[in-house]
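Colleague:
Here it is in structure tokens:
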């Protein structure tokens, strides 16, 4: 059974609901978060439905199948797979034969390709009412006019969207050590030299030449790749995926391996995989299985970008020229989802991403991921979900900082001047009376004014390098630029509302659900601030200065947080309705609170088993006790109930020799429950997780037998018992012993194994086992074989009588035989049917031989039309 992680289970529930209501649902989650498991779960939950799975390549799907099987043993039987290319080539008749109940579009952003898209369009036209689930790391086709395929294919029905940065924040993906470096920028230098020559003024040319010369010196003095790899590849025997741009680039990189990686390993193992042919698949599998004490490098182009999971990877090396955001995030996702890497000071596994670019304009792609992380962090803090913030940052080693600063200055010198962009901003302000411009805004003339204004704010905040003099700041102030971020504006709004509450009420002891008259959720905001401070994850928002401002208003920091109060109130409502807190794990309120899951976390918190070490206060425990909280989890409750029934049986019978089929008077399957404990060991023989030592001790006190009796000996004993009672071993196939053993079925399978036929339950019998069964009178023939032999003997007797009568002259004997065996007699019909069965190959060779003997002995009789 597929057991989804929490983030995928939530997404799955939303997707299933959306499919039922609207027929379409898209899931946009980054590479490595397990989104393919969501589609496999849909197939598992609908075993009688036919699922059509479309993907860019068969290799991706094959690897996904291997992954799901290795994780949970699931092997889908109801999935029909097609690549988008194969679907494109399928004619109307072929599409009509597919008849899917569900359609999965894996990596659905690829459907934007013209020819692939036409195949999907024909599929949709044929099956307009079939639900469609889409999976992708992004819905945007960046190099195709930024088309949003979630809008085009799913009408905007997105069940869940998660950025790569959010996945890192939530701990779904591992935060990496990110190393940024550069190599082979000769083409960039040539390009900027050409731009300098084309500059309109001598002053611009001279200034730009100075900066270009400085940039060239900086690049020449930068550490070479051999030093970068020696310094940052800490897992010297690890596995690293090296992404190249094309086959030519890969071959070039291969020639530099010994030079670049000599400081790590003089003899690295190199694998190459850049297509779906047999050799590449073989190389990829060898890379996965290689556990040698050498550095392992897999040079690949794009076969690992999407859909393919790789365990045990210590990091990735991006040898990239310009690259699309989709591919970039897919590639670094390989490292973040690997779960491996070198160990930091706290013992955590840290994958390394070494980003080596040969295009200086593309140096800082990781900033997009950092921005996504900041957005996610601020969202969770603002909505009272700080428990979801696991990682707030990661290590970035920038080996290009000096070069990048010089590049920014060079680009500014050669690009539209600061004054030119300022004039555009001033013109916008004069027309609209504000500078509330989206970051993506571009003027009608094609200037990225929104991005430029955002850059000025980042420079002023010290988050990026740039030139922003006091004079320039004053000019921007004059046209109304708002240097604050939206989070700073939010602070002012809530803080002013809090000051008003303090003035009106004399305190700020605010209930968690309090909302002001103008709709400001002040109670929730206060609760979120408490959570932020008490968890020591204050970040940028809750500064020391702001804490001091709140303290002056009389802030109480140890109030129970807002989310706890909301869930507790939901529990109160459940208790008032049901008079208990036996809340199912999947129970969700109408407002979307997952109270069932919350109750489970609360139990763990009290026992000290909750991740992060969170515990409950005495007040919280008392409040839950007051509404009937059962601190045992549902499994423990069920186990204790079963144990109670076992004790009752032991008290009455003096042992726990309970037949498997035994059921108590109130319907509890005690026999099966106890048998499950005998089977509750993993492959290493250790007790399963839920069979604790305490529970084992309880069953030991009742004399429970942990080892199963040898199944062969047990069945032989049942055979002896049957023979004693019935005098033979002709056990009906449907016969079941009193303790639930299907003895007839087992003997049937033994006969199949004896004859060399494939048996699912009985392997090949040993000579000793055959002799043991024969000593009990085992008849290796099946019931149908025995019936055939009886018919054969009777038919032979009939034919012998007929032959004797025909050889004599007494009419009385012939008449007597005709009366005993009239036309249509069952034996006559049986003989006729044997001729039919022989013609159609339905008899065994032994049976055919016996019929041929009858033919030789009684040929005349058998040749008669009706025998």
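Residue numbers (my numbering): 228 to 1094.
Even for Gly, the Cβ is constructed at its ideal location relative to N, Cα and C.
1) Residue 824 lies in the alpha helix (DSSP H); which residues open and close that run?
2) Does the beta-carbon of residue 1031 have 16 or more other beta-carbons within 10 angstroms, so that it is buried, or is it exposed?
3) Helix, strand or coil: which one does DSSP assign to residue 591?
4) Skipping 5 residues on each side, what residues in its chain have a beta carbon closer than 7 Å to that of residue 492?
5) Measure the beta-carbon distance from residue 735 to residue 780 and round it to whole angstroms, keeping in mind my assumption that it falls under 8 Å.
6) Would residue 1010 and residue 992 be called neighbours here (beta carbons separated by less than 9 Å)?
7) State the DSSP-derived secondary structure class of residue 363, mapped to helix, strand or coil.
8) Per DSSP, residue 196 is paired with what?
9) Does the beta-carbon of residue 1110 have 16 or more other beta-carbons within 10 angstroms, so that it is buried, or is it exposed?
10) Once DSSP output is grouped into helix, strand and coil, what is the label at residue 200?
11) As a quick exercise: from 232, 240, 230, 234, pick the residue whose alpha carbon is nearest that of residue 814.
12) Look at the alpha carbon of residue 361 and the alpha carbon of residue 808, and state the distance between them as a whole number of angstroms.
13) Using only the alpha-carbon positions, how far apart do residue 501 and residue 513 sit?
14) Quick check on DSSP: helix, strand or coil for residue 254?
15) Sort out for me which residues DSSP pairs residue 1055 with in a bridge.
16) Would you call the segment 253-265 in contact with the segment 344-353, where contact means no fewer than 3 C-beta pairs closer than 8 Å?
17) Quick one: measure Cβ to Cβ for residue 883 and residue 889, integer angstroms, because I've assumed they're closer than 8 Å.
18) Indicate the three-state DSSP secondary structure (helix, strand or coil) for residue 463 in the structure shown.
19) Helix, strand or coil for residue 347? Go by DSSP, reduced to three states.
20) Restricting to Cα atoms, I'd like to know which of 700, 1068, 1002, 409 is closest to residue 634.
21) Could you check whether residue 431 and residue 599 sit closer than 9 Å to each other, using their CB atoms as the reference points?
22) Tell me residue 863's beta-bridge partners as DSSP assigns them.
23) Once DSSP output is grouped into helix, strand and coil, what is the label at residue 405?
24) Residues in its own chain within less than 8 Å of residue 296 by CB, not counting five upstream and five downstream?
25) Please specify which runs of the alpha helix (DSSP H), each continuous and at least 4 residues long, are wholly inside the segment 735-800, giving them in chain order.
26) Which of helix, strand or coil does DSSP assign to residue 172?
27) So, under 8 Å CB-CB, residue 327 and residue 580 are touching, yes? Tell me the CB distance rounded to an integer number of Å.
28) Which residues does DSSP pair with residue 527 in a beta bridge?
29) Quick one: any contact between the segment 613-631 and the segment 390-399, if contact means 3 or more CB pairs under 8 Å?
30) Helix or strand or just coil, what does DSSP make of residue 477?
31) When you compare only the Cα positions, how much space is there between residue 956 and residue 875?
32) Sort 1058, 1068, 1017 by Cα distance to residue 1078 and report the nearest one.
33) For residue 242, which residues from the same chain have a beta carbon less than 8 Å from its beta carbon, with the 5 sequence-adjacent residues on both sides left out?
34) Ignore the nearest five residues each way along the sequence and tell me which others in residue 868's own chain have a CB closer than 8 Å to its CB.
35) DSSP on residue 919, reduced to helix/strand/coil?
36) Quick check: the Cα distance between residue 233 and residue 921, rounded to an integer number of angstroms?
Modeller: Let me lay it out:
1) Where residue 824 is concerned, the enclosing alpha helix (DSSP H) stretches over 822-834.
2) With fewer than 16 other Cβ atoms within 10 Å, it is exposed.
3) Annotation note: pLDDT 48 at residue 591 (below 50); position unreliable, no value reported.
4) For residue 492, where only same-chain residues beyond five positions count, the Cβ hits under 7 Å are 463, 521, 522.
5) So it is a contact: roughly 5 Å between Cβ atoms.
6) Result no, Cβ atoms of residue 1010 and residue 992 do not sit closer than 9 Å.
7) DSSP places residue 363 within a strand segment (E or B) once states are collapsed to three.
8) In the structure as shown, the chain begins at 228 and stops at 1094. Residue 196 is therefore absent and cannot be evaluated.
9) Here the chain comprises residues numbered 228 to 1094, so residue 1110 is not present and cannot be evaluated.
10) The chain is shown only over 228 to 1094; residue 200 falls outside these bounds and no answer can be derived.
11) With distances taken between Cα atoms, residue 814 lies closest to 240.
12) Rounded to whole angstroms, the gap between the alpha carbons of residue 361 and residue 808 is 38 Å.
13) For residue 501 and residue 513, the distance between alpha carbons rounds to 14 Å.
14) Residue 254 falls in the strand class under three-state DSSP.
15) None, per the DSSP bridge assignment.
16) Touching, no, given that fewer than three Cβ pairs across the two stretches are closer than 8 Å.
17) For a cut-off of 8 Å, the C-beta gap from residue 883 to residue 889 is around 11 Å, too long to register as a contact.
18) In the three-state DSSP reduction, residue 463 falls in the coil class, being neither helix nor strand.
19) Note: residue 347 maps to helix in three-state DSSP.
20) Distance from the Cα of residue 634 is smallest, within the candidate group 700, 1068, 1002, 409, for 409.
21) No, they are not a contact pair.
22) Note: residue 863 is not bridge-paired with any residue in the DSSP secondary-structure output.
23) Strand.
24) Shown here for residue 296: same chain residues with a beta carbon closer than 8 Å to its own, the five before and five after excluded, namely 302 in chain order.
25) Fully contained in the segment 735-800 are the following alpha helix (DSSP H) runs of length 4 or more, in chain order: 749-761, 771-779.
26) Shown here, the chain extends from 228 to 1094; a query on residue 172 therefore has no answer.
27) About 39 Å separates the two Cβ atoms, so there is no contact after all.
28) Beta bridge pairing from DSSP links residue 527 with 470, 500.
29) Contact between the segment 613-631 and the segment 390-399 is present, because at least three Cβ pairs lie under 8 Å.
30) It is helical.
31) If I take the Cα positions, the gap works out to 38 Å.
32) Per the Cα distances, 1058.
33) Excluding sequence neighbours, residue 242 sits near 252, 254, 265, 269, 360, 386, 387.
34) So the list reads 895, once near-sequence residues are dropped.
35) Residue 919: coil per DSSP, three-state reduction.
36) Straight-line Cα distance between these residues: approximately 29 Å.
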